[in-house]
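Right, one structure below, let's go through it.
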Amino acid sequence: MSDLIHTADETVQKAADAISAAHHLVAFTGAGMSAESGIPTFRGESGIWNEYDPLVLDIGFFKQNPAESWRAIRDIFYKKAAENPPNAGHLILADWEKRGVLKHIITQNIDDLHYQAGNRSVSEYHGNIRNLVCMKTGKLVPFDPSVFQDDDPVPRSPWGGIYKPDFVFFGEGIPADAARRSAQETSQCDVMLVIGSTGAVYPAAQLPQLAASNGATIIEINPNSSAYTNTITDIHLQYKAAEILPLINKLLRIQE
Ligand code: NAD
14 MSDLIHTADE TVQKAADAIS AAHHLVAFTG AGMSAESGIP TFRGESGIWN
64 EYDPLVLDIG FFKQNPAESW RAIRDIFYKK AAENPPNAGH LILADWEKRG
114 VLKHIITQNI DDLHYQAGNR SVSEYHGNIR NLVCMKTGKL VPFDPSVFQD
164 DDPVPRSPWG GIYKPDFVFF GEGIPADAAR RSAQETSQCD VMLVIGSTGA
214 VYPAAQLPQL AASNGATIIE INPNSSAYTN TITDIHLQYK AAEILPLINK
264 LLRIQE
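Each residue of the sequence shown is one higher than the last, beginning at 14 in our numbering.
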C-alpha cells in the first residue's frame, strides 16, 4: 500500500489532527499491534486458536498439565518473541513518547515489544513474558532461555517448584498496579488510540468504552471491524498498524 493511497484517505489526516491536538493521548494496544512483528493474534484467519486449544492458557489446566501448556507457551510466545523485534508501529509509539506526543500505553500484549521499542510509560495489563514466577515460592526471576532443558518441557526453579510465565492466564486476576494505572490514564485521556484489538477480552476491553464515555475521541487502527468499530469508534483507520502509524507520524502538525 503506497503513501499516495494513504494520503488520499482523508480520515488519516483527521486522525493525525486529533493526535496533534490531544492533551493526553493514550494508546490501548492488542495482539494486532504485534502481528507485523510475526507474532500471531489469537483470533482470525492465522490466529493462534486455530492451532492451539485456549485451555493451554487456563490456570487450572496449567496446574494439572504443565507439560502440555508449556509446550504451547514456548512455541507461541518464547520462540516467536525471541525471533521477532518491534515493528515500525512500535517504533513510532516509542518516538511519540520521547516527543511528549503520547503519554501512556495500556497494552494487552505480553510480548515485551513496547519496552523493547523504547516506551517506558506502559501498563502491561496482562503481565509480560520477561519474568517467570516460581509456583512454589512466588519468587520472580528474569526469563532466560537456559531454563528450558532438552528432555523436559517444564522449566523448574531451584526451589523445587515449576515456573509459570508472569503473564495473566485465563482464570487469574489483573496485576493491581497495571489495573490502577490503566484506570487513571483512561480517565485522564482526551484521545485514545485503539490499535489491533477485537475488544472481546474483559476486563481490558472495557477501558476504551470508559474513555469514550468520558468524552475521549476514539481512533481505531484495525484492518477489520471490532466490538468498538460501530459502537464507540470516532475514526476508523482500516489499515495495518505498522503501515499506518509511520504515515500518521508524517502528517502530525506539532510544533516542537
Ligand atoms: P485478538 O487476537 O483477539 O485480535 C486481534 C485484533 O487485531 C483483531 O481485531 C484483528 O483484526 C486486528 N489486527 C490483525 N492484524 C492487525 C494489524 N496488522 N494491525 C492492526 N490490527 C490488526 O487480540 P486482542 O483483542 O488483543 O485479545 C486477545 C488477548 O490475546 C489479549 O489479551 C492479549 O493479551 C493476548 N495476545 C497477546 C499477544 C502478544 O502479546 N503479541 C498475541 C496474541 C494474543
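Ideal Cβ positions, reconstructed from N, Cα and C, are used throughout, including at glycine. Note that the coordinates shown come from a computational prediction; the quantities given were computed from them, not determined experimentally.
- Distance check between Gly140 and each of Glu64, Gly173 and Tyr128 places Tyr128 closest, using alpha-carbon atoms only.
- As computed with DSSP, Met205 is found in a beta bridge with Val39 and Ile231.
- Gly113 and Phe90 have their alpha carbons spaced roughly 31 angstroms apart.
- Residue pairing by DSSP puts Pro178 in a beta bridge opposite Leu145.
- Just measuring C-alpha positions, the residue of Asp179, Leu206, Asp66 and Ser195 sitting nearest Phe156 is Asp179.
- Under the three-pair Cβ rule at 8 angstroms, the segment 131-148 does not count as touching the segment 224-239.
- Note on Ser59: under 16 other CB atoms within 10 angstroms of its CB, so exposed under the neighbour-count rule.
- Taking the Cα positions, Gly174 is about 20 angstroms away from Gly184.
- When only Cα atoms are considered, Ser82 and Leu145 end up about 14 angstroms apart.
- Close CB contacts of Lys177 within its chain, under the 6 angstroms cut and outside five residues either way in sequence, are with Val146 and Met148 (chain order).
- If you draw a straight line from the Cα of Leu115 to the Cα of Asn262, it is about 12 angstroms long.
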